Structures are given as structure tokens and as C-alpha cells.
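Written out below as C-alpha cells is the structure these notes cover.
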Ligand code: HAX
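Residue numbers (the numbering used here): 271 to 705.
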């Protein structure tokens, strides 16, 4: 058994036993009450699943296994030529709850290198699609097409017993994570670089290789990818894409099908697609105004026009967060250090001054602050990655780290089929004695 798998088995076996005993003794105790507003308001705050890999605090933001983003930057292993953390290290941390050593993070890199061959039929399938198919649609289809290699599906068909689900889920997770950057880079080069694909370089790590396969051998862009793939990796379990993956996986659909489900959620504009919408919004604004250096007043007028047209300001607001997103701040710190003066990052920073007071003034927006998606596009634009319909795919490569690690936990802990209760309006009124 490989060292990560062995550690995961030990940790998950211990937690499974603890949960089983606690459930037996205290299973009837109440955690919370559900209000009418929660049932009709998108289930905000309803504690409905176990998610070990990260936890979100409305004020402080995300912590991965207890570590904030600044702490991850300090404590996770990094490459000798780069200050940013290796996402491989974050995967180790999320899966087993322990900070990895440099050697352990590099073991993950090497392991993913061994597992990264994508079956030929996946490329053939992608090549059969019209090249203007949205990159997220291509990504989802590629993940689904890779399901032919699912270890879980194969072993299940052969009669695998419950106690082995975690093992097969781990194998699928490791294979999928290894392959996602390859598939994503293929989609990018197919659409925008005449299908001129670039082979992986075995000297590089997971994120560095992704940058390389996209066509970037720039050291700073590789650093950006390491940071980007780290900070987008998980946002506890209730967000739409994580929750979708969790739900699908609870039916014992394998990691490929579950993660394809996650990605269909991420592709919505209120969720991950917001990163493309932000830059699209900025480009439309600068075009309309006829300048790349708008004043704060001009931006405020354009924000108001967007709201008047009954549209949202992409990159602002959040279902849980109530302060500026630390993932926004991490990207700002990166941009201040590596980029300094660039057209789009300047506009993003101006928006940070202009948008919150306007949203606060509406009196209904619970969080007027920027989220993760407000910043990422501007940095990518600076490095020439201006094909903004690809941005959500980058997010999707990263989010697999947290979601798939969590799927391993769900299967190891024997979590049941997810099946919450829906109500009709009539039954709900009857429950509340509303006539
Ligand atoms: N611009 C304008 N109006 C906004 C707004 C924004 N950025 N954010 C919230 N509102 C509005 C809502 O549309 C809602 O209006 P109605 O009552 O008229 O329907 C009202 O304010 C209350 O909403 P809320 O409770 O503050 O926010 P929700 O939890 O319902 O929604 C969203 C959270 C993220 C969907 C929302 O803030 C939004 O639409 N933001 C813009 C899109 C975006 O950036 N999405 C990415 C979020 C982060 C993420 O998942 N990244 O992947």
C-alpha cells in the first residue's frame, strides 16, 4: 500500500469507529433547527453533511484543515525556485490532516506523473466536438469520458464489498487528479492553439507542468498556477459544486461521474463561471467607456447601470462570507508583488473601492465584498491568458483536490445515500398552521 493511502486508511478507520460509537450514543441529539427562511432560501446554514477537508468562517474565510491561506503559504512545501506552495502538499494535508514534508509532497508529484496518461478515446471525443463548444462543457465531457477507466466502477461490477469502497475511490481520485491538467491543457490548445499540444515535462511538478502544457514556461506564471491551484482547492462542502459531487457520489457513482457533476455546478454564473463574467464585465465597460483607465466615478456609473438592468455585479457577494474573501486578498498580494502596474488589476482594485458602498446602499446584499472570482481574471489577462471562457476550467482543475479528497472520506466513513426532505407549499403551511 502506498504511504498516503496507508495513512489515509489509518486515519479514516479511527474516525469511522469514533463516529459509529458517537452516533449510537448521541444520534438523537439536535444540532440546530431549520427555519422557514432556510428551507425557502437555498438551505443557507443548514448543517447537513460532514466535510473534513476545509471549513468556512463567514468573517475569517476558508481554513484548510485548520490552516488559513497565509499559513499554508508559510507551512506547505514549495519548489526551490518558487515561494508559492505546491498544491500536491495541500492535497496531502486535506486528505490526511497532516502537513506533508517536502519529500511527501514530491512523492505526490511523482505519483501523479505516473498516473497521468489519458485514454486516447477522450481526445478523439473532444476532437469530435465543435471547437466553439464552451471549454467547461468540453471539460465535463472529458471527465465523463475518462470514467471508462474507473477502478471503482470496475471493482463494483466485480462484486466489491463496502469495506473496499474507500480504496477504489482513492485510486480513482489519484488518477483523475493526475489527468485533469493534461485534459484541461489539451482543451485550451485545441481551441486556441490549433490543437498544437505540448507534452508534459517530467522535471516539473503538477502545477508547473500545467503551466508548461498550456504553453507557459514563464517562472512567474508557474508560481501563479501553484498559488491559484492551492487557493481554489476547497471551500467546505456546502458550495454548489462540492455539494453536487457529494450528492452524486453518495449514490456510489464513481469519482469521475461525481466530479463531472461538480463541474456542471461550477459552470453556472453565480458560482465558478463568475471568474469569466468578471473579466467580460470589465472588458465591456472599458469598451463602452472608450478607455482602459476609467475613473472611479465612471466605474460607479457602470456598476449602477448594471444594477439598473437587473443584473448582478460578478465577483461580488457570497452566500456565506461576510468580509472580503481571503482568496481575493491572496491574489492581490501576488499581483502587488509580481505585477505591480497592470490595466486590469488596477481596475479590479478600483472596483474594490467603488463597488462595496454601492452594494451596501442597496440594503439587501448580505456581503458587498469581493469573492475569489473578482481578481483571478485580471492576473491571467496580464500574463496573456485572455481566453476568458477557459477560466472556469482552471478553477475546476483546482477544486478537484478538495472535492475528491472529501469523496475519499465519504466512502471511507461509509456515508449513506443523501436524501433530504422536500415539502409542498400546502404541507408546509399545514406544518406551520398557516391558513
Ligand atoms: N450584485 C448585485 N446584487 C447582488 C449581488 C451582486 N454581486 N450579490 C447579491 N445580490 C443580491 C441578490 O441577487 C439578492 O437580490 P434579490 O433579493 O433581488 O434576489 C440579494 O442581493 C440578496 O442576496 P444575498 O443573500 O446577499 O446573496 P445570496 O447568498 O443569495 O447569493 C451570490 C450569493 C454569490 C449568488 C450573489 O452574491 C451573486 O449573485 N454574486 C455575483 C455572482 C458571483 O460573483 N458569484 C461567485 C460567488 C463565489 C463563488 O461561488 N465562486 O465560485
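Glycine included, every Cβ here is placed at the ideal spot set by N, Cα and C.
Given the structure is predicted, the values throughout are model-derived calculations rather than measurements.
From which residue to which residue does the beta strand (DSSP E) around residue 331 run? By 1-based counting over the chain shown, the position of residue 331 is 61. Per DSSP, residue 331 belongs to the beta strand (DSSP E) from 331-334.
Would you identify the three-state DSSP class for residue 326, choosing helix, strand or coil? Counted from its first residue, the chain shown places residue 326 at position 56. Reduced to three states, the DSSP call for residue 326 is strand.
Say the cut is 7 Å; is the CB of residue 588 nearer than that to a heavy atom of ligand 1? Within the chain shown, the letter at position 318 stands for residue 588. At least one heavy atom of ligand 1 is nearer than 7 Å to the Cβ of residue 588, so yes.
Using C-beta distances below 8 Å, list every residue in its chain close to residue 357, excluding the 5 sequence neighbours before and after it, in chain order. On the chain shown, position 87 is the one that residue 357 refers to. Excluding sequence neighbours, residue 357 sits near 476, 477, 496, 499, 500, 503, 668, 671.
With a threshold of 7 Å, establish whether the CB of residue 643 neighbours any heavy atom of ligand 1. One-based indexing of the chain shown puts residue 643 at position 373. Yes, since a heavy atom of ligand 1 falls inside the 7 Å radius drawn around the Cβ of residue 643.
Closest to residue 573 by CA distance: which of 561, 554, 562 is it? Position 303 of the chain shown, counted from the start, is the residue given in the question as residue 573. For residue 573, the nearest C-alpha among the options comes from 554.
At which residues does the alpha helix (DSSP H) containing residue 410 begin and terminate? As a working note, residue 410 is residue 140 in the chain shown. Note, residue 410: alpha helix (DSSP H), 405-415.
So, with DSSP's three-state summary, where would you put residue 586? Here residue 586 corresponds to residue number 316 of the chain shown, with the count starting at 1. Correct three-state label for residue 586: strand.
At least 3 beta-carbon pairs within less than 8 Å: the region 405-412 vs the region 504-518: no
How big is the Cα-Cα spacing for residue 283 and residue 276? Within the chain shown, numbered from 1, the residue matching residue 283 stands at position 13. Within the chain shown, numbered from 1, the residue matching residue 276 stands at position 6. Cα-Cα distance, rounded: 11 Å.
Mind the definition here: the region 652-667 touches the region 458-473 only if three or more C-beta pairs lie below 8 Å; say whether that holds. yes
In three-state DSSP terms, what is residue 692? Numbered from its first residue, the chain shown carries residue 692 at position 422. Coil at residue 692, not helix or strand.
When burial is assigned at 16 or more other CB atoms within 10 Å of the CB, is residue 543 buried or exposed? Mapped onto the chain shown, residue 543 falls at position 273. The residue in question, residue 543, is buried, as its Cβ has 16 or more Cβ neighbours within 10 Å.
Own chain, CB closer than 8 Å to residue 338, minus 5 neighbours either side, in chain order: Residue mapping note: residue 338 aligns to position 68 of the chain shown, counting from 1. Only 330, 331, 332, 596 meet the Cβ criterion.
Exposure label - residue 287; buried when at least 16 CB within 10 Å: Reading the chain shown from its first residue, position 17 is the one you call residue 287. It counts as exposed.
Look up residue 238 in the DSSP assignment and say whether it is helix, strand or coil. With the chain represented from 271 up to 705, any question about residue 238 goes unanswered, as that position is not in the structure.
Do residue 675 and residue 439 have their C-beta atoms closer together than 8 Å? Within the chain shown, the letter at position 405 stands for residue 675. Within the chain shown, the letter at position 169 stands for residue 439. No.
Would residue 386 and residue 452 qualify as a contact pair, given that the criterion is a beta-carbon distance under 8 Å? By 1-based counting over the chain shown, the position of residue 386 is 116. By 1-based counting over the chain shown, the position of residue 452 is 182. For residue 386 and residue 452, yes; Cβs fall inside 8 Å.
Less than 6 Å between C-beta atoms, sequence neighbours within five positions excluded: which residues of the same chain meet that for residue 638? Here residue 638 corresponds to residue number 368 of the chain shown, with the count starting at 1. Excluding positions up to five away in sequence, the list reads 626, 629, 630.
What residues match up with residue 355 in a beta bridge as DSSP calls it? Numbered from 1 along the chain shown, position 85 holds the residue referred to as residue 355. DSSP lists 348 as partners of residue 355.
Nearest-angstrom Cα distance between residue 404 and residue 294? Counting from one through the chain shown, the residue named residue 404 turns up at place 134. Counting from one through the chain shown, the residue named residue 294 turns up at place 24. Those two C-alpha atoms are separated by around 48 Å.
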